[in-house]
Structure formats: structure tokens, C-alpha cells
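Presented below is the structure to which this report refers.
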Amino acid sequence: MAASADSPSFSTFLTQLVASISPGAKVLTEQSSTEFKDSLQRWSDIGLQIPTAIVLVATENDVVLTVKLAVELNIPFVPKSGGHSLWSTIGPEGFILDLSRLKNVSLDKERKTVTVGSGVLIKEVNETAFQHGLCLPLGNGNTIGVVPQALGGGISALSGLCGYTSDSIVSARVVTSSGSMITVSSSSHPDLFWALRGAGQFFGIVTELIMQAYPLSVLGTPDGTVWTGSIVFPAQRAEAVLQALAPMIADESAPGTGLFLIAAPPPTFTTCIIIIPVFFGPVSVAEAYYQSLISLGPLMMDCKPAFCSKGGFKRFAGAGMQKFEPSVWPKVIELFEELRRKCPDAGVTGYNKLSHSETAFSHKDVKVWAPESHAEVYRIEQEVLSLMRQDQNEEDEAAFQNWTRDEPLRRRYRGAERLEKLKRLKKEWDPNGIFTAQLL
Ligand SMILES: Cc1cc2nc3c(=O)[nH]c(=O)nc-3n(C[C@H](O)[C@H](O)[C@H](O)COP(=O)(O)OP(=O)(O)OC[C@H]3O[C@@H](n4cnc5c(N)ncnc54)[C@H](O)[C@@H]3O)c2cc1C
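Numbering (UniProt numbering), first residue to last: 1 to 440.
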């Protein structure tokens, strides 16, 4: 049974922690203070809870001390890095272990690796890497923590070139459920290394990752730019646009990726189709590749070479399908209109084709990801998904674990063997479910 906010063990925990952590760390308990409120800020207020304390650690040793003491006194906690997920929040029964002060980021030019502390955000790594002519396959949210994004598999615009974010993990420093600090790599605890690359948020606190970076030349341009922007069509042109787009999505050899959105942007808020291509190659080749779309005469097109080092473009998220079927989209546009009427927050979708090394991340075959939303849009979402699903078996559907923990585990970690291995490793490394019991 865990301690409650006003239990003696919670106050013992706080007193002992304050006495032992480093001078740069802080324990916040005054809920009305600006500092507490600021630290509680999240990307979204959905599911926000108010903890009894926020522990802002400043060193790896602070993490070790905090975990040891919390486990000893049975105080629940959740680690938080960038605060974008719905799972780094906890109520009065526990505390947030805030890693945002672990901001160390450094680069080894010779090995082309980047060392990233667990408080480092995507934009910070991208900036560092780019200055040295390097890039990494990181996701498209600049303020997301690199570590959690990578631990969950990680989809990025560069994934087709450099693999999923988790494929870039070379080694990790991990505080385990017993409070030990270990280094995990292909040669040190290789099974745990396998699990961290796709299911890493369930096994311990990763204080630091060493990640493989890639020369900007992988982008196929002399200056590290990619051809990107937006190509906008009125919704009424859906049929022609989809006919032109479908072969590009099916083309496994295309040096690019992109987003396909049904949206109603300002100033007119009229429903339209927005294609955001990301093409790795010179402008002339990109324009030739997209000619079948361009020749349809878009309402607007502003594609040009741009740096994609700040963030990337996700290829897909939510529920994953193995194919993109153009004929369903006119009906999807109708449902989008209905969604807009009933709920102003409408979503996006993207397309995808990738293959990389075997890790706990199980969705390397997924080609199309659809958006995942909350209760109000659930019915429409289900209708869109069943349209997109076509003849695909519902059992085969993927659910991206960086976006959802509501979907069954078998969809988030596909393949019975993979899930069995994860469960076995969870029992070995976190038998009491200190770091989210879900896999047990
Ligand atoms: C706008 C937006 C865009 C996105 N785009 C992409 C994308 O392009 N590609 C993609 O792959 N994902 C994407 N995501 C999903 C995102 O990568 C995940 O939600 C990620 O886990 C968020 O990390 P965070 O640091 O912001 O979140 P947090 O909420 O701080 O952490 C996420 C989870 O990881 C745990 N955790 C935090 N730090 C650690 C640690 N050091 N060790 C172990 N566990 C830890 C937390 O307890 C929580 O369960 C996007 C999300 C949003 C909101």
C-alpha cells in the first residue's frame, strides 16, 4: 500500500530527500507558489493531476537518491522530461521526478555521437548536431524530451534515412528500480538494451543516452536543406489529388516523406487538403517528382529548400495501417466536416515506409498512421479508422506507444514473442512495477 500525501512516510521522504540531494536540486511542495505552478506546466492540460511534491533533480546522483528513498518508503512517482505525454503526471499520492535540469548535451565529432541528458529537448539536440554538420532522426515536436521520445521507438521524417529514433541509441545510463546506476548497451545488459529501444519508459529512469548522429549529407543536398513547405488544394479536388498522391505514397524508393492533412486553416477556415512533402534531394528533382500534383494547380504552394534540423515531420501516429487507400478519403473529408462542427480540434494523418533493426519497437512495417484523439471525437475517429482499415485485420493494427497507453499491449508491442520477452524482462528489472506496472 503506497503512502498518502499526509502520511508520516511521505513527510519522512521529503525531509530526508531535502537533506541529501545536491544544492542545485529543489523539492517543491507549496502548490500555490509560482515555481510549483510553472513546474506543473504541460503541453496539454488533459489528465493533469496535482502531486504532493515536484522533485527537480540536478544530478544523476540526485536521481539515484530519490529513487532509492521513494522505493524504500513506498512513495509513488513518475519521471517527467518534456511533459507532453499523458503519463508524466500523478496525483496527491505521489511526486513528479522532474528531469528537466539534466541538460547536458555534448558531441563526439570523431564517433559522430551525441550525449543527451534526460532534460534535453529535441530542438536543443538538433541545434547542437546541426552546428557540426550532423543530424538525428528525432520527432517533430521541438519541446519534447529526446530521451522519452527515443525510448518509445520514435518516428521522424529522417527515419527512412537513419532509422527510428530508438535505432540511434548506442548506450544508456539507467537508474534501476533498486536504485542502482548501470550502463546499458549492446555489450552490457544486451536484453535490457533491446527493451529500452522501443519500450524504455517501463524499465528505469534513463539519465543519459549516447546517440548515433548522421552527416547532413544523408539528406542528399549540398547544404543540409530539404525541399519542404505546403501544397494546398480545395477539398473538392480530393479525388484528383488522391489519385496523384497514392502512387507516391506507394513508392518505396522515394527519397522523402510527408504529411497529408485534411484541415481548415485560417483565415477562411474552409476545409482543404494540405500536403506537406519532405523531399531529400535538389529542388529540380523534387519538383519533377511532385509534378503530377503541381500540375493540378494547387490553391497555394510554398515549397522551397529549408533546414529540417529543428524537429522533423512525423510519418504517422495513432492507429497504424499497412496501406493507404485513396478511395476512402472523400468520406473521411465528410467525417472531418462533421468533426469540425462537433469539435473544433481536428487531426492530421501522415504516410510512411520504413525498415530497420530488430528492437522492442514493433511497428517498422507500418505504412500509414491515423490520428488518435480523446473522448469527444472517439466515435468519428472509429468511423475513420474502420474506413481506412479496409480489408486489414483489426488484430494486425498497430498502436504507437509514444501516443497511447489505452490501446491493448498486443497492439503497442506487436508479436507474441516480443511481448513475452518484454514481460519477462520487466519481471527481472522492475518486479514491483515501480516504473509503470503495465507490462507485468
Ligand atoms: C505535439 C507532439 C508531437 C509529437 N511528435 C512526435 C513525433 O514526431 N515522433 C514521435 O516519435 N513521437 C512524437 N510525439 C510523442 C512524444 O514523442 C511522446 O509523447 C514522448 O514520450 C514525449 O516526451 P516528453 O519528454 O515530452 O514527455 P514526458 O511526458 O515528460 O515523458 C513521457 C513518458 O516517458 C517517461 N519518462 C520521462 N523521462 C524519462 C526518462 N528519463 N526515463 C524513463 N522514462 C521517462 C514519463 O514518465 C512518461 O511516461 C509527439 C507528441 C506531441 C504532443
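Beta carbons are placed, not taken as given, at the ideal position from N, Cα and C, and that holds for glycine.
Nothing here was measured: the structure is a model prediction, and the numbers come from that model.
C-alpha distance - residue i paired with residue j, whole-angstrom precision
{"i": "Thr29", "j": "Leu107", "result": "36 Å"}
{"i": "Leu440", "j": "Pro330", "result": "43 Å"}
{"i": "Lys26", "j": "Pro408", "result": "37 Å"}
{"i": "Pro247", "j": "Pro326", "result": "10 Å"}
{"i": "Asp406", "j": "Arg412", "result": "10 Å"}
{"i": "Phe203", "j": "Glu334", "result": "43 Å"}
{"i": "Phe336", "j": "Leu216", "result": "38 Å"}
{"i": "Leu219", "j": "Lys427", "result": "42 Å"}
{"i": "His189", "j": "Leu196", "result": "11 Å"}
{"i": "Pro79", "j": "Val241", "result": "44 Å"}
{"i": "Thr268", "j": "Ile262", "result": "14 Å"}
{"i": "Phe316", "j": "Trp429", "result": "Per-residue confidence for Phe316 stands at a pLDDT of 31, beneath the threshold of 50, marking its modelled position as unreliable; no derived number is given."}
{"i": "Lys182", "j": "Phe435", "result": "Note that residue 182 is Ile in the sequence shown here, rather than Lys. For Ile182 and Phe435, the distance between alpha carbons rounds to 16 Å."}
{"i": "Arg237", "j": "Ile274", "result": "11 Å"}
{"i": "Pro76", "j": "Thr34", "result": "24 Å"}
{"i": "Ala213", "j": "Glu60", "result": "24 Å"}
{"i": "Asp191", "j": "Ala150", "result": "17 Å"}
{"i": "Arg424", "j": "Ser88", "result": "24 Å"}
{"i": "Leu339", "j": "Pro265", "result": "15 Å"}
{"i": "Asp251", "j": "Phe324", "result": "11 Å"}
{"i": "Ile306", "j": "Ile90", "result": "Note that residue 306 corresponds to Ala in the displayed sequence, not to Ile. Straight-line Cα distance between these residues: approximately 40 Å."}
{"i": "Thr12", "j": "Ser386", "result": "52 Å"}
{"i": "Leu73", "j": "Asp45", "result": "30 Å"}
{"i": "Arg389", "j": "Pro92", "result": "41 Å"}
{"i": "Glu381", "j": "Leu86", "result": "19 Å"}
Identified DSSP bridge partners for residue i
{"i": "Ile274", "result": "Val232, Leu261"}
{"i": "Lys103", "result": "BP columns for Lys103 are empty, so no partner."}
{"i": "Gln212", "result": "Thr113"}
{"i": "Pro305", "result": "Trp227"}
{"i": "Asp70", "result": "The question names Asp, but residue 70 in the sequence shown is Ala. None; Ala70 has no bridge partner."}
{"i": "Ser217", "result": "In the DSSP output, where bridge partners are listed per residue, Ser217 has none listed."}
{"i": "Leu121", "result": "Gly145"}
{"i": "Val27", "result": "Val55"}
{"i": "Phe95", "result": "Ala53, Phe77"}
{"i": "Asp108", "result": "Thr113"}
{"i": "Thr183", "result": "Arg173"}
{"i": "Val206", "result": "Val174"}
{"i": "Phe280", "result": "In DSSP, Phe280 forms no bridge with anything."}
{"i": "Cys135", "result": "Tyr214"}
N- and C-terminal bounds of the beta strand (DSSP E) containing residue i
{"i": "Lys80", "result": "77 to 80"}
Residue i: first and last residue of the uninterrupted alpha helix (DSSP H) it sits in
{"i": "Ser85", "result": "Ser85 -> no alpha helix (DSSP H), and no H or E assigned at all."}
{"i": "Asp38", "result": "34 to 40"}
{"i": "Ala244", "result": "238 to 250"}
{"i": "Val384", "result": "378 to 389"}
{"i": "Tyr289", "result": "283 to 289"}
{"i": "Leu425", "result": "416 to 429"}
Tell me, please, whether the region 243 to 262 touches the region 282 to 300 by the rule of three or more beta-carbon pairs shorter than 8 Å.
yes
I'd like to know if the region 165 to 177 and the region 95 to 103 are in contact, where contact means that at least 3 CB-CB pairs between them fall below 8 Å.
no
Could you say if the region 231 to 243 and the region 295 to 302 meet the contact criterion of at least three C-beta pairs nearer than 8 Å?
yes
With a threshold of 8 Å, are at least 3 pairs of Cβ atoms found where one atom belongs to the region 122 to 138 and the other to the region 53 to 67?
no
Report yes or no: do the region 151 to 163 and the region 180 to 187 share at least 3 C-beta pairs separated by less than 8 Å?
no
Taking 8 Å as the threshold, find out whether the region 70 to 87 comes into contact with the region 35 to 50 through three or more Cβ pairs.
yes
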